[in-house]
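Q: Chains U and X, in that order, are what the protein sequence lines are.
Per numbering that gives the first Met the number 0, residue 0 is the first one in the first sequence, and the count goes up by one each step.
Per numbering that gives the first Met the number 0, residue 0 is the first one in the second sequence, and the count goes up by one each step.
My structure is below; once you've seen it, I'll send some questions.
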Amino acid sequence: MPSITDVLKRHTDSLMSIPGVVGVGRGEKDGAPTIYVMVERMTDSLRRSLPDSIEGYAVDVTVTGEIKAQPE
Amino acid sequence: MPRSRSSAEVTLRFALVLALAVAAGCNDSTSPSAPRELTPSLARGGQQGPDLHAAMAARAKYEARMMARRGVEGIGVGLAEDGTPAVVIMTSNGAVGGLPPTLDGIPVKLMPTGPFSAILPRKGKPGGGGGGSADPTATFARPVPIGVSIGNENECAAGTLGARVTKGGNVYILSNNHVLARQNAASLGEDILQPGRYDTSPQCSIPANSSIGTLAQFVRINFSGNNTVDAAIASTTTSMVGSATFTGGYGQPSSTTKGATIGMLVQKCGRTTSCTHGSVASIDATVRVQYETGVATFVNQVVVTGKRGAFSKAGDSGSLIVTDDSNANPVALLFAGGQTSTIGNPIGAVLSALGVTIDGK
Chain U
0 MPSITDVLKR
10 HTDSLMSIPG
20 VVGVGRGEKD
30 GAPTIYVMVE
40 RMTDSLRRSL
50 PDSIEGYAVD
60 VTVTGEIKAQ
70 PE
Chain X
0 MPRSRSSAEV
10 TLRFALVLAL
20 AVAAGCNDST
30 SPSAPRELTP
40 SLARGGQQGP
50 DLHAAMAARA
60 KYEARMMARR
70 GVEGIGVGLA
80 EDGTPAVVIM
90 TSNGAVGGLP
100 PTLDGIPVKL
110 MPTGPFSAIL
120 PRKGKPGGGG
130 GGSADPTATF
140 ARPVPIGVSI
150 GNENECAAGT
160 LGARVTKGGN
170 VYILSNNHVL
180 ARQNAASLGE
190 DILQPGRYDT
200 SPQCSIPANS
210 SIGTLAQFVR
220 INFSGNNTVD
230 AAIASTTTSM
240 VGSATFTGGY
250 GQPSSTTKGA
260 TIGMLVQKCG
270 RTTSCTHGSV
280 ASIDATVRVQ
290 YETGVATFVN
300 QVVVTGKRGA
310 FSKAGDSGSL
320 IVTDDSNANP
330 VALLFAGGQT
340 STIGNPIGAV
350 LSALGVTIDG
360 K
């Protein structure tokens, strides 16, 4: 199995290009590395376009809202 | 403020919607209920679908010319009504005239989207429920603690004084570019005020003696490429700025940094939500961040989620994120966030970009 770092490198650009995806990183669930995907909000189109796993790593989707710089 | 267009992003998004639609379509027809595995070949997609490449080439070729036209807000690749690939031109209203019906034989589809705006939240006073007994938006006696409201003299805004740092025997305030340097717009030497003008009374005024330093250095935010840090420093003195948080915070951070790991427990003290606790949810993250002046992409970022409620809110930008133990090792520099997540630059990258070290224990 390829390393999570290599898999992220290969797929970050395409994941980031899916409308509604605001971030992609390395996550962990139950001790196993995951692809951590941040989305503005969950939509049917995202459910369809996000895979359940990528090259053997589970895709873990979190709804974060839009990511903004945080000055007041 | 210039309006955000982020055409590259829009362009990319549209190209991929189609590529992924094709990929998903292929998948569904073969095994509709099987878990979907995105493979490199599927991610590329398009081979069996309509010829996207001609549309993408036309989009690329005419992007600059189309974007220069008044009323054009974006350009991308999408599908025409009949399902064939088209160049999509997003317009501020439906009445943009003089656009060609085709570009190199590819149909042009107009899509009135209105202008894309990038407005930062301007929320009320703190009340985030964080710990810490002081009000970080208040005017503090000098030397001021870290974790409190600061801002550039030339804008009515407020962010957070992250830490005191040192370089060559001099001391500096560490915070974000967008707190100290007005998102690349500032000149070196501009005054840094405590509190930031958003927190003064009357609001936006500049009370006498509110300067605690002057802008010394900042890392430019690149709105058309990848970034790692949103960081800046301001010259100050030990009589103006202390090296520890206000009462109720973690005190003085360690001068030894720690790389973020998933699950690591962290804390921060900041202007809006005061002192909060959370854990690292993701590392090596690529994140698209909305600024007043545009969208910027950051790589190798640290994502934190709060233990109880939000780890940060607007105004906490610039806060130092440290380990949630008595060492308080610096981990990241907070600069952005969504409803449930906070994004920080890895502190090692911040310190090396500016050539400074944390003035800690």
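All C-beta atoms in this analysis are idealised placements derived from N, C-alpha and C, irrespective of residue type, glycine included.
#1: Provide the residue span of the beta strand (DSSP E) that contains U:M37, from first to last.
#2: Is X:S340 close to chain U? Criterion is C-beta to C-beta, closer than 9 Å.
#3: Run through DSSP, which three-state label would U:S44 get?
#4: Grab me the residues of X:V359's own chain with a C-beta within less than 7 Å of its C-beta, minus the 5 sequence neighbours each way, in chain order.
#5: Taking 8 Å as the cut-off, does the CB of X:A295 come closer than this to any heavy atom belonging to the ligand ATP?
#6: Tell me whether X:E152 sits in a helix, a strand or coil according to DSSP, three-state version.
#7: Which two residues bound the contiguous alpha helix (DSSP H) that contains X:V330?
#8: Given that X:F334 touches chain U, what residues does it touch there, using C-beta distances under 7 Å?
#9: What in chain X is Cβ-close to U:R46, meaning under 8 Å?
#10: Is DSSP giving X:G305 helix, strand or coil here?
#11: What residue ranges within the segment 191 to 243 of chain X form continuous beta strand (DSSP E) runs of no fewer than 3 residues, ordered along the chain?
#12: Could one say the Cβ of U:T4 lies closer than 9 Å to chain X's Cβ atoms, at least one of them?
#13: Which residue or residues does DSSP assign as beta-bridge partners of X:A352?
#14: Which two residues bound the contiguous alpha helix (DSSP H) that contains X:S273?
#15: Is X:V349 close to chain U, meaning its C-beta is less than 9 Å from at least one C-beta of that chain?
#16: Between the segment 161 to 171 of chain X and the segment 270 to 282 of chain X, do at least 3 Cβ pairs fall closer than 8 Å?
#17: Quick one, which residues of the segment 199 to 232 of chain X are near chain U if we go by CB-CB under 8 Å, in chain order?
#18: Counting contacts by CB-CB distance shorter than 9 Å, is U:V62 in contact with chain X?
#19: Quick one, which residues of the segment 27 to 40 of chain U are near chain X if we go by CB-CB under 7 Å, in chain order?
#20: Can you tell me the Cα-Cα spacing of X:K122 and U:S52, whole angstroms?
#21: Inspect the CB distances between the segment 33 to 42 of chain U and the segment 57 to 64 of chain U and report whether three or more fall short of 8 Å.
#22: Interface residues of chain U around X:D283 at Cβ under 8 Å?
A: So, from the listed chains and residues:
#1: Position 38 of the first sequence, counting from 1, holds the residue named residue 37 of chain U. Looking at the DSSP string, the run of the beta strand (DSSP E) that includes U:M37 is A31 to V38.
#2: Counting from one through the second sequence, the residue named residue 340 of chain X turns up at place 341. Cβ-Cβ to chain U under 9 Å: yes for X:S340.
#3: Your numbering for residue 44 of chain U matches position 45 in the first sequence. Residue state, collapsed to three classes: helix.
#4: Indexing the second sequence from 1 puts residue 359 of chain X at position 360. It is worth fixing the name first, because residue 359 of chain X is Gly in this sequence and not Val. Correct list, in chain order: S242, Q251, P252, S253 and S254.
#5: No copy of the ligand ATP appears in this structure; indeed no ligand is present at all.
#6: The residue you call residue 152 of chain X lines up with position 153 of the second sequence. DSSP places X:E152 in the coil class of the three-state scheme, outside both helix and strand.
#7: Numbered from 1 along the second sequence, position 331 holds the residue referred to as residue 330 of chain X. Here X:V330 belongs to no alpha helix (DSSP H); instead the beta strand (DSSP E) covers P329 to G336.
#8: For the purposes of this step, residue 334 of chain X is taken as the residue at position 335 of the second sequence. What X:F334 touches in chain U: A68 and Q69.
#9: Translated into the one-based positions of the first sequence, residue 46 of chain U becomes position 47. Simply none; closest approach about 10 Å.
#10: The residue given as residue 305 of chain X occupies position 306 in the second sequence. X:G305: strand per DSSP, three-state reduction.
#11: 210 to 217 and 231 to 235
#12: Residue 4 of chain U sits at position 5 when you count from the first residue of the first sequence. Chain X contact via Cβ: present.
#13: Locating residue 352 of chain X in the second sequence gives position 353, counting from the first residue. DSSP lists no bridge partner for X:A352.
#14: As a working mapping, residue 273 of chain X is identified with position 274 in the second sequence. Here X:S273 belongs to no alpha helix (DSSP H); instead the beta strand (DSSP E) covers S273 to Y290.
#15: Against the second sequence, residue 349 of chain X aligns to sequence position 350. Chain U contact via Cβ: absent.
#16: Output reads no: the segment 270 to 282 of chain X does not touch the segment 161 to 171 of chain X.
#17: For the segment 199 to 232 of chain X, the beta-carbon criterion of a distance under 8 Å to any beta-carbon of chain U is satisfied by D229.
#18: Numbered from 1 along the first sequence, position 63 holds the residue referred to as residue 62 of chain U. For U:V62, the answer is yes, since a Cβ of chain X falls inside 9 Å of its Cβ.
#19: Identification of residues in the segment 27 to 40 of chain U having a C-beta nearer than 7 Å to some C-beta of chain X yields E27, Y35 and M37, given in sequence order.
#20: Locating residue 122 of chain X in the second sequence gives position 123, where the first residue counts as 1. Locating residue 52 of chain U in the first sequence gives position 53, where the first residue counts as 1. Since pLDDT at X:K122 reaches only 36, below the 50 mark, its modelled position is unreliable, and no value is offered.
#21: yes
#22: Residue mapping note: residue 283 of chain X aligns to position 284 of the second sequence, counting from 1. In chain order: T4, L7, G24 and R25.
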